[in-house]
Structure formats: structure tokens, C-alpha cells
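The structure appears below as C-alpha cells.
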Amino acid sequence: MKHLLSTRDLSTEEIVSILAMADHMAEINARAVPKVPALRGRTVASVFFEDSTRTRLSFETAATRLSAEVMTFTASSSSVNKGESLRDTIETLSAMGVDAFVIRHKSSGAPQQITQWTEASVINAGDGWHQHPTQALLDAYTITRNFKELNSMQGRTVAIVGDIKHSRVARSDIDVFTRLGAKVVLVAPAAFLPSSLEGWGVTTAESLDEVIDVVDVVYMLRIQRERMDAAQMPSLREYGSLFALTPERAARMQDHALLLHPGPINRGVEMVVDPSMVPGSRILQQVTNGISIRMAVLFSLLGGDATTTLSNGAES
Amino acid sequence: MSAKNQSIVIRGATVVNPDSVFVADVRIANGVIEAIGDGLTGDVVLETAGCFISSGFVDLHTHLREPGKEEAETIESGSRAAVLGGFTAVVAMPNTDPAQDNVKTVQFVRNRGREVGLCEVIPSGCITVGRAGSKLVPYEQLAKEGVTLFTDDGTGVQDALVMQRALMIAKRLNLTLAQHCEVASMTVGAVMHDGACCSAMGVPGWPSAAEEEMVRRDIQLVRMTGAREHFMHLSTKGSVELVRAAKAEGLPVTAEVTPHHISLTDELLSGFDPIFKVNPPLRTMADIHALHEGLADGTIDAIATDHAPHAGHTKEETLDTAPPGMLGLETALGVVNTALSLSPQKIAALMSWNPAVIANISDHQGRPVAVGEPAHIAVWDTTTVWSVSRDELASRSTNTPYHGMELRGRVRHTIYNGQLVVQEGKALA
Numbered sequence: 001m002k003h004l005l006s007t008r009d010l011s012t013e014e015i016v017s018i019l020a021m022a023d024h025m026a027e028i029n030a031r032a033v034p035k036v037p038a039l040r041g042r043t044v045a046s047v048f049f050e051d052s053t054r055t056r057l058s059f060e061t062a063a064t065r066l067s068a069e070v071m072t073f074t075a076s077s078s079s080v081n082k083g084e085s086l087r088d089t090i091e092t093l094s095a096m097g098v099d100a101f102v103i104r105h106k107s108s109g110a111p112q113q114i115t116q117w118t119e120a121s122v123i124n125a126g127d128g129w130h131q132h133p134t135q136a137l138l139d140a141y142t143i144t145r146n147f148k149e150l151n152s153m154q155g156r157t158v159a160i161v162g163d164i165k166h167s168r169v170a171r172s173d174i175d176v177f178t179r180l181g182a183k184v185v186l187v188a189p190a191a192f193l194p195s196s197l198e199g200w201g202v203t204t205a206e207s208l209d210e211v212i213d214v215v216d217v218v219y220m221l222r223i224q225r226e227r228m229d230a231a232q233m234p235s236l237r238e239y240g241s242l243f244a245l246t247p248e249r250a251a252r253m254q255d256h257a258l259l260l261h262p263g264p265i266n267r268g269v270e271m272v273v274d275p276s277m278v279p280g281s282r283i284l285q286q287v288t289n290g291i292s293i294r295m296a297v298l299f300s301l302l303g304g305d306a307t308t309t310l311s312n313g314a315e316s
Numbered sequence: 001m002s003a004k005n006q007s008i009v010i011r012g013a014t015v016v017n018p019d020s021v022f023v024a025d026v027r028i029a030n031g032v033i034e035a036i037g038d039g040l041t042g043d044v045v046l047e048t049a050g051c052f053i054s055s056g057f058v059d060l061h062t063h064l065r066e067p068g069k070e071e072a073e074t075i076e077s078g079s080r081a082a083v084l085g086g087f088t089a090v091v092a093m094p095n096t097d098p099a100q101d102n103v104k105t106v107q108f109v110r111n112r113g114r115e116v117g118l119c120e121v122i123p124s125g126c127i128t129v130g131r132a133g134s135k136l137v138p139y140e141q142l143a144k145e146g147v148t149l150f151t152d153d154g155t156g157v158q159d160a161l162v163m164q165r166a167l168m169i170a171k172r173l174n175l176t177l178a179q180h181c182e183v184a185s186m187t188v189g190a191v192m193h194d195g196a197c198c199s200a201m202g203v204p205g206w207p208s209a210a211e212e213e214m215v216r217r218d219i220q221l222v223r224m225t226g227a228r229e230h231f232m233h234l235s236t237k238g239s240v241e242l243v244r245a246a247k248a249e250g251l252p253v254t255a256e257v258t259p260h261h262i263s264l265t266d267e268l269l270s271g272f273d274p275i276f277k278v279n280p281p282l283r284t285m286a287d288i289h290a291l292h293e294g295l296a297d298g299t300i301d302a303i304a305t306d307h308a309p310h311a312g313h314t315k316e317e318t319l320d321t322a323p324p325g326m327l328g329l330e331t332a333l334g335v336v337n338t339a340l341s342l343s344p345q346k347i348a349a350l351m352s353w354n355p356a357v358i359a360n361i362s363d364h365q366g367r368p369v370a371v372g373e374p375a376h377i378a379v380w381d382t383t384t385v386w387s388v389s390r391d392e393l394a395s396r397s398t399n400t401p402y403h404g405m406e407l408r409g410r411v412r413h414t415i416y417n418g419q420l421v422v423q424e425g426k427a428l429a
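Protein chains in written order, with the UniProt record's numbering: chain A, 1 to 316; chain B, 1 to 429.
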């Protein structure tokens with residue numbers, strides 16, 4: 001495996017082996033000094049053309065704990081504002097000696113295009129509405145470790161609630177969850193579903209009330225207020241009446257059911273309930289697990305010979 | 001180019017005319033077809049047994065980019081690409097900078113085409129000033145300059161009343177309006193066909209309905225005004241059905257399709273390569289089949305390239321920001337002949353005779369190969385297999401979606417105004 005652009009780049013076996021490697025990384029993270037020399041001498045460039053403090057910090061922390069050098073590039077303070085093309089930016093940074101690029105871009109497909117212009121590995125840290133593969137891996141990790149079924153989500157039902165159409169998290173999660181055996185139900189108004197769900201292997205529901213008391217995981221997506229225009233949805237109130245997680249709805253969740261959210265939470269929009277009041281909430285655990293997963297991904301891509309032994313043949 | 005007064009004999013090719021197909025030698029001299037027969041001799045003799053000879057192709061839809069975007073194409077480089085594709089006339093789209101909404105720009109394009117002298121360059125006019133969709137252009141003035149085809153190509157005329165008024169004027173002045181059918185409010189930010197691929201890729205979609213809604217509206221406007229309207233680059237099954245019904249009703253509508261819409265599908269975009277981004281977008285196999293049927297039954301009158309050069313760096317942007325458009329002139333015949341099994345007469349009808357009528361130039365282009373006719377000629381075959389290389393095209397740009405693909409059928413010689421401008425697939429000037 002040279003790049004991680006999409007969850008579809010990973011076989012199901014590779015997903016399972018990255019989750020297993022994240023267990024090792026979690027052990028490292030639990031140590032008094034959570035740092036190993038695994039990627040000493042390697043350089044990871046975190047190149048964020050779109051703001052995202054939490055994902056950037058998560059990747060940079062993961063790289064630092066593996067002893068890689070971290071080079072940070074954010075578009076707001078960079079040559080992109082001076083009109084430099086994507087290709088020129090990548091070629092320039094590559095020339096400084098980069099082993100892996102961690103890319104966040106507002107345009108779907110940008111990380112894939114970048115692979116043409118560099119010899120380095122490219123990790124997609126979120127592109128447009130397309131993919132956010134490490135988010136899906138950390139979500140699958142969080143769910144499987146909570147349910148103590150390490151290699152599978154067989155028999156579990158996950159409700160993904162919100163703006164599916166414009167969500168890279170949803171596209172990534174759906175692929176990973178279904179391949180690990182989960183049933184996925186999308187809970188969204190028609191305007192927030194893509195025009196075709198052909199090949200997605202999911203069902204849909206028209207309100208959270210239809211599914212809240214039967215699912216094993218409630219996955220709330222962030223609703224962007226700017227998408228709440230008249231063409232998409234008449235009002236936030238109307239949206240909330242059908243799709244927000246209220247205290248009443250949260251109380252109907254099964255005892256073992258988990259609540260996940262990719263963050264940042266929009267309180268009063270999709271999350272009317274205070275997540276700290278929901279016993280099944282694993283929202284902060286997702287953040288912690290994100291570091292372990294990103295360490296596992298970085299090590300899989302850059303770990304050289306050790307990769308084969310640690311990742312159970314993930315190299316391809 | 002061959003010397004002015006040289007006679008050229010095309011020996012042994014199959015003459016393709018609307019009412020007959022026969023093997024003969026054809027001699028061209030003094031700008032006209034001088035003789036047709038056996039054993040003709042001349043100053044230049046081209047052995048072309050196994051090839052077809054027809055009137056030169058006519059492209060209803062060429063972006064020459066001059067004035068304004070000369071880094072992508074010029075009238076000279078575009079003319080050269082045209083004749084390499086067998087085209088002896090191209091209708092230059094008006095989305096230049098400045099746009100072809102005024103006499104001066106139209107004169108510039110026509111005159112520059114004449115100076116280059118490789119093929120006939122026919123400037124189209126805009127329907128509205130600056131292609132902005134509101135104020136009508138000075139139709140009488142432009143018609144006096146010989147402009148007969150008007151379009152806001154690149155955008156459709158959104159306002160139904162503006163389009164209705166334009167059609168009323170076109171009816172009175174005997175002009176043709178050509179529409180790029182796209183309801184803009186349904187395609188904001190659109191990157192590709194709104195279907196399964198687009199949904200999986202997470203990019204804004206261009207629904208078929210956005211094209212069909214404008215086709216439907218314009219058919220109604222044609223019914224009301226009685227004016228002629230030409231539908232450009234139709235891409236969907238529903239559009240073909242609408243035009244078929246309009247023709248059955250006897251309405252004066254015509255339609256074109258591009259080589260790429262009859263040969264490529266939206267699945268090619270799954271790698272996010274902007275080379276496959278085009279407007280209207282590549283659609284599905286079901287749409288391709290419907291377009292093929294439309295060509296076969298005459299619903300669609302013409303193949304038009306929508307040759308749309310873009311400078312290399314612009315196709316290195318992300319899929320959502322890269323401009324839409326593909327090259328088409330040099331690959332048109334090969335793509336059409338590879339994608340469809342058409343008779344030589346059908347190919348000549350779709351690429352020469354019918355578009356000449358739609359462009360209102362059938363008094364001198366798209367004519368039969370007959371003694372006394374103007375010598376605008378294409379000699380082509382349907383058997384040569386060749387591999388497309390973007391680096392070997394005459395266009396200034398390289399944005400062909402067919403790079404590395406094999407096509408069957410190639411233009412061998414092109415004669416414009418009695419002059420040999422392409423010989424054995426090579427431009428002579």
C-alpha cells in the first residue's frame with residue numbers, strides 16, 4: 001500500500017489489520033512517555049488547504065509519537081493565496097524531501113490528483129464530499145472495541161443521521177461499516193441524500209424516530225448551517241423536529257447503544273442533547289482513538305520492512 | 001499547400017454522394033471539380049483506392065478561442081486541426097473575449113479565417129449581449145455581415161421571454177438559433193452527470209433533467225414562434241425523445257451530438273481526471289444507446305465536435321475547478337466510425353451534408369462530388385487503425401480524452417477551395 005486515498009483502497013483484511021495495529025499503538029499511547037522511534041528520519045508533511053485544527057493536530061501528534069519529522073503547511077498562510085497551483089505547491093514541498101503527505105482539500109479527488117506530482121505517499125485527510133478514510137477507520141475501531149468483536153461488526157445496525165450527500169465521513173463510514181458486516185441505515189431528508197444509492201448496500205429512514213430504539217450505533221453527522229438554505233430544507237426547526245438528537249430521543253436508545261459524532265458538534269442543531277449526558281457517548285473516545293489509528297496508518301505506509309510483520313501483510 | 005494552378009487527381013476512391021456511391025477518378029482544378037471519370041491525369045495524383053471521397057466535413061460547433069484565449073487555440077491552429085479532421089468549414093463559437101456579439105468581432109474572426117486560408121471559418125453570433133442572457137444582440141447588423149447562426153453556447157438562454165423574442169426576430173430575418181440546453185439553477189457547481197458515479201465520488205451533479213427541461217421549453221417556444229432552432233450537443237435519452245416527438249409534429253428543429261457523448265461514459269471520471277470533464281457531461285450507457293438510435297432514425301441530424309481547447313495547466317486543477325471541454329476536430333471521424341457502424345453515406349450526411357444545411361452554407365459546402373462544384377473535399381477511410389497521441393495533435397492544447405486509444409478510420413487528404421491542405425494525414429501549411 002503506497003497511498004491511502006479512499007477506504008476503497010483497502011481490502012477488508014487490510015482494514016482489520018490496521019485496527020489490530022491500532023491496538024499496539026494504543027498501548028504505546030498509554031505509556032508514561034508515549035513515543036517510539038519507528039519513523040525516525042521520515043518526514044510527514046501535513047498540508048491542509050482547508051482549515052481543520054483537530055484532524056491536523058491528530059495526524060501531527062500521531063507522526064510525532066512515531067518520531068517522524070512534521071512539516072506543516074496551511075493554505076491560509078501560504079503561497080496558495082498568491083495563486084500558486086496545486087501542482088506547483090506539491091512539487092515544491094516534495095523537493096524539500098517529504099515521505100508522506102497528509103492532505104486536506106475542499107475539492108473531491110484532490111489527494112488522488114496529487115499522487116501524479118510526487119513520489120511520496122499521500123494520505124487523504126478529507127477531500128470535499130468524497131472520502132475521509134482515517135475517520136472511518138477510527139470509527140470502526142471505536143465501535144468494534146466497544147463491542148469486543150474485534151474483527152467484525154456483523155449483526156450490528158448503525159444509523160448515520162444527517163447530511164449524507166455532502167459528507168465525506170458518511171461515504172467512508174458506509175463503505176467500512178458495511179464491509180465489516182454492519183447494516184447501515186441512512187436517516188436524512190431527501191435533499192441530503194445523493195441522487196443514487198446504487199451499490200451502497202444501505203437502507204434509508206425518513207426520521208430518527210423510526211430507528212432510534214432499535215439501532216446499536218447512532219452516528220450523528222455535523223450539519224452545516226450554510227446548507228440550511230431554502231432549496232435544501234425549509235428551516236432548522238423543521239430539520240430538528242425529524243433528525244436532531246434530543247434528550248427524549250437519546251433516552252430511547254438501547255442500553256448498549258453507542259453515540260458517535262465526527263465533530264465538531266453543532267450544539268442546538270443536530271445535537272440538542274448534551275452528549276455528556278448520554279451514557280453511550282463515545283465522542284471523546286473517537287478523538288483519542290484517532291491518534292492510534294493515524295499512527296497505524298502512518299506506520300503501515302512508511303514503516304518499510306517492519307510493515308509486513310506488524311500489519312500482517314498490509315503492504316501491496 | 002499545393003501551388004495555385006496545379007490540378008489534383010484523386011484516383012480510385014469511392015465517391016460518396018447523397019444519391020449514389022461509385023468508384024471514379026476525380027480531377028480538381030481552378031477551385032472546382034473539373035472532371036470525374038476513369039484514367040484521369042493531373043499535376044498531382046493521389047492513389048486512394050479503398051478510400052471514400054465526399055464533400056469536406058462541416059463542424060457546427062468549434063471553439064477557436066481567438067480572440068481572447070490564444071494560449072489555448074488560435075484561428076490558425078484550430079483551422080489546421082479542422083482540416084486534419086477533414087473539415088473544410090467550421091462554425092466558430094461566440095464565447096470569445098470579446099464575445100461575438102458585435103460586427104467588429106465577427107468581422108475579425110471571419111477575416112482572420114480567410115487570412116489563414118486553410119478552411120472556411122464561419123463566425124456565429126451571440127443570442128444575447130455578452131452571452132449574459134438579457135439584452136438581445138443587433139441581429140440585423142450581424143445578419144448583414146452574413147451571420148446566420150446565433151447561440152450563447154456555454155450557457156443556455158435562461159429567460160424564456162428573452163428566448164421567445166430572439167426566436168421572433170430569427171423567424172423574421174430567416175436566421176437559426178442554436179441552444180446550449182442547461183437550466184442553470186439545477187447545475188450550480190456541477191462537475192459531472194448526476195448518477196451513481198457522481199454520488200459515490202461526492203461531487204456536485206449535472207442532472208439529465210437540467211438539459212431536458214430546456215429542450216422541452218424551447219420546443220414550446222418553436223411551436224409558438226415558428227422559428228428554426230438547433231439543439232446543440234444533446235446528451236440524454238430524454239432529450240432524444242423530446243426532439244423525436246417535436247420532429248414528428250413537424251416543428252423546424254434540428255439536433256447535433258458530439259463524438260464524445262456517443263463514445264464515453266461518466267464512469268471515466270471515477271479517477272477525478274479533469275480531462276473527462278465536459279459540458280454537458282458524459283452520461284451513461286443508456287444515454288449512449290439512445291443517442292445512437294437518434295442518429296440511426298434521423299432524430300439527430302449532425303455530428304458536431306464541440307472542440308474545446310484548454311491550456312494544459314487548467315486541466316491540472318481539481319475536478320471541480322478545471323474548465324469543462326475536450327478537443328474533437330482531429331479525432332471526430334475516427335471516434336464516430338469506431339463507436340458506430342455507419343455507411344459512408346450516413347457518415348457524410350452527419351458530418352457534411354446536414355450540418356452544411358443547418359449552418360446555411362449548403363450553397364457551397366456539403367455539396368455533391370460533381371463536375372462544376374466547389375472543391376471542398378475530404379478523402380477518408382474507415383479501416384486505418386491509429387493510436388491517438390495528444391502530443392501529435394495540431395491543436396495548441398492537448399486535452400483529448402482519447403490519448404492512447406486506438407481509433408478506426410482516418411482522414412487521408414483534405415482539399416479546401418481546390419488547394420491540397422492535408423496530404424496523407426499531414427497538414428501542408
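Virtual Cβ for every residue (Gly too), placed ideally from N, Cα, C.
As the structure is a prediction and not an experimental result, all values here were calculated from the model.
Where residue i falls: helix, strand or coil (DSSP)
i	result
Trp353(B)	helix
Tyr402(B)	coil
Trp117(A)	helix
Thr309(A)	Note that Thr309(A) scores a pLDDT of 38, beneath 50, so its modelled location is shaky; the value from the coordinates is reported in the next line. Reduced to three states, the DSSP call for Thr309(A) is helix.
Pro123(B)	strand
Thr14(B)	strand
Gly299(A)	At residue 299(A) the sequence reads Phe, which differs from the Gly that was named. Phe299(A) falls in the helix class under three-state DSSP.
Ala314(A)	Residue confidence is low: Ala314(A) scores 37 on pLDDT, short of 50, so the model does not pin down where it sits. Its coordinate-derived value is still stated next. Reduced to three states, the DSSP call for Ala314(A) is coil.
Gly205(B)	strand
Ile303(B)	strand
Thr338(B)	helix
Ile174(A)	helix
Ser389(B)	coil
Asn124(A)	strand
Glu330(B)	coil
Ile291(A)	helix
Val129(B)	helix
Gln286(A)	helix
Ile265(A)	coil
Arg367(B)	coil
Leu19(A)	helix
Leu428(B)	coil
Any chain A beta carbon closer than 8 Å to residue i
i	result
Glu392(B)	no
Thr258(B)	no
Phe52(B)	no
Met201(B)	yes
Glu316(B)	yes
Ala196(B)	yes
Cβ of residue i within 8 Å of any chain B Cβ
i	result
Ser207(A)	no
Pro194(A)	yes
Leu10(A)	no
Ile265(A)	no
Leu284(A)	no
His199(A)	Residue identity differs from the one stated: residue 199(A) is Gly in this sequence, not His. Chain B, which has a Cβ nearer than 8 Å to the Cβ of Gly199(A), makes this yes.
Neighbour flag for residue i against chain E, beta carbons, 8 Å
i	result
Met285(B)	Considering every chain present, this structure includes no chain E. Its protein chains are A and B.
Integer Cβ distance of residue i from residue j, believed to fall under 8 Å
i	j	result
Leu301(A)	Ile123(A)	7 Å
Leu329(B)	Phe87(B)	6 Å
Ala92(B)	Pro123(B)	5 Å
Val421(B)	Val83(B)	5 Å
Ser195(A)	Gly205(B)	6 Å
**Request:** Could you pull out every unbroken beta strand (DSSP E) segment of at least 3 residues lying fully inside the region 44-117 of chain B, listed in chain order?
**Result:** 44-47, 52-55, 57-62, 87-92
**Item:** contact_flag[the region 371-384 of chain B, the region 234-247 of chain B] where n(CB pairs < 8 Å) is 3 or more
**Value:** no
**Three-pair Cβ contact test at 8 Å for the region 52-64 of chain A versus the region 82-94 of chain A** = no
**Item:** Segment contact flag, the region 41-58 of chain A with the region 92-111 of chain A, C-beta cutoff 8 Å, min 3 pairs
**Value:** yes
**Message:** Threshold first: 4 residues or longer. Then list the alpha helix (DSSP H) segments lying entirely within the region 261-296 of chain B, N to C.
**Reply:** 285-296
**Message:** Report the start-end ranges of each beta strand (DSSP E) in the region 207-246 of chain A that is 3 residues or longer and not cut off at the edges.
**Reply:** 217-220
**Item:** Contained beta strand (DSSP E) runs [length at least 3] in the region 65-110 of chain A, N- to C-terminal order
**Value:** 69-74, 100-105
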